[in-house]
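Quick notes on the structure that follows.
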Amino acid sequence: MSDQENSRTDDSTGASPPGADADSPTEIPPKGWRQVLTRGWKEAQSDQVPLLAGGVAFFGFLALFPALIATVLLYGLLVDPATVREQVASVGDALPAEARTILLDQLETLTATSESALGIGLVISVALALWSASGGIGNLITAINTAYDEEEDRGFVKRKLLALGLTLAAVIFLLVIVILVAVAPAVLDNLVGSGPIRWLFEAIRWALLLVLIMGALAVLYRSSPDRDAPKIRWVTVGAGIATVLWIVASVGFSIYVDNFSSYGKTYGALAGVVILMLWLWISAYAVLLGAEINAESEQQTIKDSTKGPEQPLGQRGAVKADSVPTEQAPSADERGPGPEKDPSAQPDREKQHST
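Listed below in structure tokens is the structure:
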């Protein structure tokens, strides 16, 4: 540990938090993880994550159908429109019935017109769909930036290119999910039939699905904040927690809506839209909570959690990686007069982002 890190631990915190020497989240002890989860929950409230999730859900709703258009157009190059509708629709089986109906109706319209979208028309349609869908991803990037306590200094072009890249990755990810959820079972029926071998392949299929979701979230957490990127191991725990929360909450919400809710009586024809928006809010909340937990786990250690060579505290280009938990800080009376801040010691943020 460098002299600056030792000084920061002694002067700013009085005592090192549990897991201060952790090189990865797995090295943080249970007591440290209790602190991480507690701070993550408090930070979620402080950062207005429920409100942020509402904004992400709204713009996600606007981006959902352009993303669906891009997916259907690209997938339609490989299979006929009827198969596209059937297989893409199967991905939404976990949704409540009313929300699933909205997606099915849109799929019906898309697949009825996708055959005419060929050549340059296909390219233009996909490009426009990706551009429209990137607006929702852009708002998600902003929300994750907030979860990491970072200020947005990237220009419009850089932000838009990042949003477009992540949107294209999301469409490709959705195509892979369609293959795993809808295509793989039919292939397994023809190859192995039923029995123990089929159960083994089914277990592998669902495990792969979970790993893909976690991997997609890890990429999102690593690339979205305007900071030096964290090492991949420092985004996997939040991705795993967000994945589990999202699955459990989605299944629970679907069961509630299908069996106990009265959204249909209250909202009438708008019930499907309301339910879909609520599900998007739940999804966004889980993703942002995972980002908060990742951020707090980075703050729990004094070791450098960012990519590249080891850097001392204050020179890592990331707010959470450059600080330690404030709950460890002693009062002013306990700490006594501290050293005066030297403005020249502050890292040049622009230089850090350019390296």
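Going by the numbering used here, the sequence shown opens with residue 1, and the numbers climb by one from there.
Even glycine gets a Cβ: it sits at the ideal position worked out from N, Cα and C.
Just so you know, these numbers come straight off a predicted model, no measurement behind them.
{"Asked": "Continuous alpha helix (DSSP H) stretch holding R39: start and end", "Found": "30 to 46"}
{"Asked": "Beta-carbon gap between G321 and E298 smaller than 8 Å", "Found": "As written in the sequence, residue 321 is Ala, which differs from the Gly given in the question. It is a contact, given that the beta carbons lie within the stated cut-off."}
{"Asked": "Residues near A332 by beta carbon distance below 7 Å, same chain, minus five either side", "Found": "The pLDDT assigned to A332 is 39, lower than 50, so where the model puts this residue is not dependable; a value taken from the coordinates is nonetheless given after this. Within the same chain, A332 has no close Cβ partners at all."}
{"Asked": "Helix, strand or coil at P25 according to DSSP, with G and I counted as helix", "Found": "helix"}
{"Asked": "Alpha carbon of S16 to alpha carbon of Y148, nearest angstrom", "Found": "22 Å"}
{"Asked": "C-alpha distance - R100 paired with L210, whole-angstrom precision", "Found": "22 Å"}
{"Asked": "Exposure label - T26; buried when at least 16 CB within 10 Å", "Found": "exposed"}
{"Asked": "P18 in three-state terms, based on DSSP", "Found": "coil"}
{"Asked": "R316, enclosing alpha helix (DSSP H) - first and last residue", "Found": "Careful: R316 lies outside any alpha helix (DSSP H) and carries neither H nor E."}
{"Asked": "The region 80 to 99 in contact with the region 143 to 163 per 3-pair CB rule at 8 Å", "Found": "no"}
{"Asked": "Integer Cβ distance of A70 from V123, believed to fall under 8 Å", "Found": "Actually they are not in contact, since the Cβ atoms of A70 and V123 sit about 11 Å apart, beyond 8 Å."}
{"Asked": "Same chain, Cβ closer than 8 Å to L128, neighbours up to 5 away in sequence not counted", "Found": "P66"}
{"Asked": "Three CB pairs or more closer than 8 Å across the region 213 to 225 and the region 139 to 148", "Found": "yes"}
{"Asked": "Opposing strand residues paired with P230 [DSSP bridges]", "Found": "T306"}
{"Asked": "Nearest-angstrom beta carbon gap, E292 and V49 [assumed within contact, 8 Å]", "Found": "7 Å"}
{"Asked": "Check whether E152 and D226 have beta carbons under 8 Å apart", "Found": "yes"}
{"Asked": "Cβ distance (whole Å) where V244 is taken to contact L212 below 8 Å", "Found": "Not quite, the Cβ-Cβ distance comes to about 14 Å (not below 8 Å), so this is no contact."}
{"Asked": "Buried versus exposed call for Y256 [16 or more other C-beta atoms within 10 Å across all chains shown]", "Found": "exposed"}
{"Asked": "Cutoff 7 Å; reference L52; Cβ partners in own chain excluding five residues on either side", "Found": "A143, T146, L288"}
{"Asked": "Residues near E43 by beta carbon distance below 6 Å, same chain, minus five either side", "Found": "E292"}
{"Asked": "Range of the contiguous alpha helix (DSSP H) that encloses P260", "Found": "In the sequence on display, residue 260 carries Phe and not Pro. Segment: none, F260 is in no alpha helix (DSSP H) and carries neither H nor E."}
{"Asked": "Cβ-based burial, A20 [other Cβ within 10 Å; buried from 16]", "Found": "buried"}
{"Asked": "With 16 other Cβ atoms within 10 Å as the buried cut-off, status of T38", "Found": "exposed"}
{"Asked": "Local Cβ density within 10 Å of R316, reported as buried at 16 or more and exposed below that", "Found": "buried"}
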